[in-house]
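So the structure is just underneath, and the comments pick up after that.
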Amino acid sequence: MIPESFIQELLSRIDVVDVIDKRIPLKKAGANFVACCPFHQEKTPSFTVSPSKQFYHCFGCGEHGSAISFLIEYEGLSFVEAVNELANSIGLKVPNDAPPKLEKNSEYTNLEHAIKTASIFYQKQLRESPEAISYLKARGLTGQVAKDFSIGYAPNDWQNLKNAFKNYEDEILIKSGLVVKNDKGKFYDRFRHRIIFPIYSDKGSVIGFGGRIINPEDTPKYYNSPETALFQKSYELYGLLTSRKSIREKGYVLVVEGYMDVVGLAQKGLKNVVATLGTATTAFHIKKLIRYTQEIIFCFDGDAAGRSAAWRAMNNSLESVTDNMQLKFLFLPDGHDPDSFVRENSIDEFELLAKEAIPLTEYIIKYLTINNDLATQEKKVKFLNEIEPIFKQLTAQKLSLLFKKRISELINLNLEEINQILKIKNTYPKKNSSKIPDRLPISSIRKFCLLLILRPDLIKQEDSEFFISEDIDDKLVLAIIEMTKNNGDYNSAMILHFLETRFDKELIKQIHLQLSTFNDEMEMDDEINALRVSIKKRYNSFVNKQKLNETTKKSLDSLSDEEKEFLKNIGKG
Numbered sequence: 001m002i003p004e005s006f007i008q009e010l011l012s013r014i015d016v017v018d019v020i021d022k023r024i025p026l027k028k029a030g031a032n033f034v035a036c037c038p039f040h041q042e043k044t045p046s047f048t049v050s051p052s053k054q055f056y057h058c059f060g061c062g063e064h065g066s067a068i069s070f071l072i073e074y075e076g077l078s079f080v081e082a083v084n085e086l087a088n089s090i091g092l093k094v095p096n097d098a099p100p101k102l103e104k105n106s107e108y109t110n111l112e113h114a115i116k117t118a119s120i121f122y123q124k125q126l127r128e129s130p131e132a133i134s135y136l137k138a139r140g141l142t143g144q145v146a147k148d149f150s151i152g153y154a155p156n157d158w159q160n161l162k163n164a165f166k167n168y169e170d171e172i173l174i175k176s177g178l179v180v181k182n183d184k185g186k187f188y189d190r191f192r193h194r195i196i197f198p199i200y201s202d203k204g205s206v207i208g209f210g211g212r213i214i215n216p217e218d219t220p221k222y223y224n225s226p227e228t229a230l231f232q233k234s235y236e237l238y239g240l241l242t243s244r245k246s247i248r249e250k251g252y253v254l255v256v257e258g259y260m261d262v263v264g265l266a267q268k269g270l271k272n273v274v275a276t277l278g279t280a281t282t283a284f285h286i287k288k289l290i291r292y293t294q295e296i297i298f299c300f301d302g303d304a305a306g307r308s309a310a311w312r313a314m315n316n317s318l319e320s321v322t323d324n325m326q327l328k329f330l331f332l333p334d335g336h337d338p339d340s341f342v343r344e345n346s347i348d349e350f351e352l353l354a355k356e357a358i359p360l361t362e363y364i365i366k367y368l369t370i371n372n373d374l375a376t377q378e379k380k381v382k383f384l385n386e387i388e389p390i391f392k393q394l395t396a397q398k399l400s401l402l403f404k405k406r407i408s409e410l411i412n413l414n415l416e417e418i419n420q421i422l423k424i425k426n427t428y429p430k431k432n433s434s435k436i437p438d439r440l441p442i443s444s445i446r447k448f449c450l451l452l453i454l455r456p457d458l459i460k461q462e463d464s465e466f467f468i469s470e471d472i473d474d475k476l477v478l479a480i481i482e483m484t485k486n487n488g489d490y491n492s493a494m495i496l497h498f499l500e501t502r503f504d505k506e507l508i509k510q511i512h513l514q515l516s517t518f519n520d521e522m523e524m525d526d527e528i529n530a531l532r533v534s535i536k537k538r539y540n541s542f543v544n545k546q547k548l549n550e551t552t553k554k555s556l557d558s559l560s561d562e563e564k565e566f567l568k569n570i571g572k573g
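At the far end of the sequence shown sits residue 573, using my numbering, and the numbering has no gaps.
In structure tokens, the structure reads:
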């Protein structure tokens, strides 16, 4: 665990403008910097980076945060990885408060080293194998694309990796899945006579391999590394590391089934492509992809196996679908996968098919009505029974409502009847919903809180006595005052990070939005002093009400002179 004090020091020394400008070009706009948002498609820049506030905010999609959160979202890093990246960039060493984890980290390091060594070995073997090179050329791949994806080759021998490792029987090679030990105690390479596709983590480390047969008589067609401490298939996507930039530029991602599909499409110029690793698409895959785009197109073969895989992908994705997303399905002509299609036709024809991909709700209807013409009441009931679990998983409110309207038209029922039959509760948000709306009138307490975030030098510890309400804004102010009690040098990013660890993320999102509307050139000193006067009046009023309640409960004879004077003055007021 990284100490909070180190995070605060890092945020005080790092410049968010410098961090972001190294990754996307920023332009000066008044006191701030702007760019087209890297997190959604737009033509007019709405992504603002504030050097004084040390955070970014997009007025288009609402993305916001510090230098740390930018690296997490833009480069797909974990929190720890982002902190390490920033610390290394300014020469800081990240401390660790958890010694027990060092042993585990050591195993991670050894696994990474073993996998990396094997990857280098496989790439060297490819360069020295005429058979493997001929195979790739026959598939239309050049040496450059093989280099771009670090493609390798495992020769047709039982113990190739003896040439890469001094101790072939090392336990770490067994744990990594590179070497297998059988029941008789014999050791042999997992990958033999296969094209090797390295699988990369989001941070750029090789974590596993996929191996594809060269000889069509061999089985299975694809063979993956087993799951290890580094590699879990349900979390990883092949090609994501190399495709992230293109996904953002194109505005959508294409999800295919095979490594060769990713590489083959990249060879033809289509690089916004990833592949699942022999498993159905999972919610974790969707969450990774929506960091880079809100449009996901699943591409499947047109045969029965492809249709079945598409239905599984749809079901696994439903809970992750939001009203801002577009989930689509593309089915290729029978006998084709993406790689074979572009080799036989053209990449332009493939992209035309992608543009005509079927939206999620239409795909669901099409799938459920292939063998059901809805001609009888019984068939309609069958259809409703099949679609009921889909609605229970679909949490996107607007999409769900429109989808139900489409279903009601299809089977000639009104919306209320559909809700009743499917036993679905009204999906309209309640009037008194607890979710915090994006925009609210800013109260004097909230404004005071925002000014303290912008100008930590104006914080006074004695202010804390005036915030005694259970209101969320009072709690925010008290948290800020508590954080800054050591009289250190603080900036806006440090305070916001502190609040993020203690308050609801929707509240912090709202605060970011409100802060982004503040003019950096406004006279904050006078503004905050005026608010202090107002807040003290609020406090005095509260104290007087409390005292009045207590005093009026007493009999007149038991009142002290001071209490009588208090009542007299209240009466005059």
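We treat Cβ as the ideally placed atom computed from N, Cα and C, and that holds for glycine.
Asked, Found
"Assigned secondary structure, Asn426 (DSSP; H/G/I helix, E/B strand, else coil)", "Legend: pLDDT at Asn426 = 45, less than 50; position of this residue unreliable, no value from coordinates given."
"C-alpha gap between Lys328 and Gln294, whole angstroms", "11 Å"
"Rounded separation between Asn540 and Leu360 - CA only", "58 Å"
"Exposure label - Ala31; buried when at least 16 CB within 10 Å", "exposed"
"Distance, Ile2 Cα to Val592 Cα", "Nothing can be reported for residue 592, as the shown portion of the chain is limited to 1 through 573."
"Rounded straight-line distance, which links the Cα of Arg127 to that of Leu277", "25 Å"
"Asn32 - DSSP class collapsed to helix/strand/coil", "strand"
"Identity of the residue in Glu9, Ser246, Leu178, Tyr200 nearest Leu92 by Cα", "Glu9"
"Distance between Asn88 and Ile199 (C-alpha atoms, nearest Å)", "25 Å"
"Exposure label - Arg194; buried when at least 16 CB within 10 Å", "buried"
"Span separating the alpha-carbon of Lys250 from that of Ser46", "19 Å"
"Beta-carbon proximity of Tyr108 to Ala154, cut-off 8 Å", "no"
"Pairwise C-alpha distance: Met483 and Ile635", "The first residue shown for the chain is 1 and the last is 573, placing residue 635 beyond what the model contains."
"Beta carbon of Leu86 nearer than 8 Å to that of Ile72", "no"
"Distance, Gln267 Cα to Arg139 Cα", "10 Å"
"Status (buried if at least 16 other CB within 10 Å, exposed otherwise) for Arg13", "exposed"
"Cα-Cα separation between Asp15 and Ala396, rounded to whole angstroms", "37 Å"
"Assigned exposure category for Leu332 - 16 Cβ within 10 Å defines buried", "buried"
"Residues sharing a beta bridge with Ile213, DSSP", "Arg194"
"Alpha-carbon to alpha-carbon, Glu416 and Val19", "52 Å"
"Nearest candidate by alpha-carbon position, reference Gly258, set Ser246, Val273, Ile247, Lys245", "Val273"
"Leu352 beta carbon less than 8 Å from that of Leu330", "no"
"CB contact flag (Glu112, Leu230, <8 Å)", "yes"
"Length of the line joining the Cα atoms of Lys104 and Asn110", "Because Lys104 carries a pLDDT of 43, less than 50, the predicted location of this residue cannot be relied on, and the following value inherits that uncertainty. For Lys104 and Asn110, the distance between alpha carbons rounds to 10 Å."
"The alpha helix (DSSP H) enclosing Thr276, as first and last residue numbers", "Taken as a continuous stretch (DSSP letters only), Thr276 belongs to no alpha helix (DSSP H), as it is neither H nor E."
"Sheet register partners of Ile297 (DSSP bridge)", "Leu254, Lys328"
"Residue range of the unbroken alpha helix (DSSP H) whose run includes Cys449", "444-454"
"Endpoints, beta strand (DSSP E) assigned at Ala305", "Element bounds for Ala305: not the beta strand (DSSP E) but the alpha helix (DSSP H), 304-317."
"Run of the beta strand (DSSP E) containing Thr48, from where it starts to where it stops", "47-50"
"Cβ distance (whole Å) where Tyr56 is taken to contact Gly62 below 8 Å", "That belief does not hold up - the Cβ atoms of Tyr56 and Gly62 are roughly 11 Å apart, past 8 Å."
"6 Å CB neighbourhood of Ser434 in its chain, flanking five on each side removed", "At Ser434, the pLDDT of 32 sits below 50, so the modelled position is not reliable and the matter cannot be decided from this model."
"Beta carbon of Ser492 nearer than 8 Å to that of Ile459", "no"
"Proximity to Ala164 [Cα-Cα], best of Asp189, Lys175, Lys181", "Asp189"
"Test item: CB-CB of Pro38 and Arg248 under 8 Å", "yes"
"Alpha-carbon spacing of Lys124 relative to Val206, whole angstroms", "16 Å"
"Backbone secondary structure at Arg291 - three-state DSSP", "coil"
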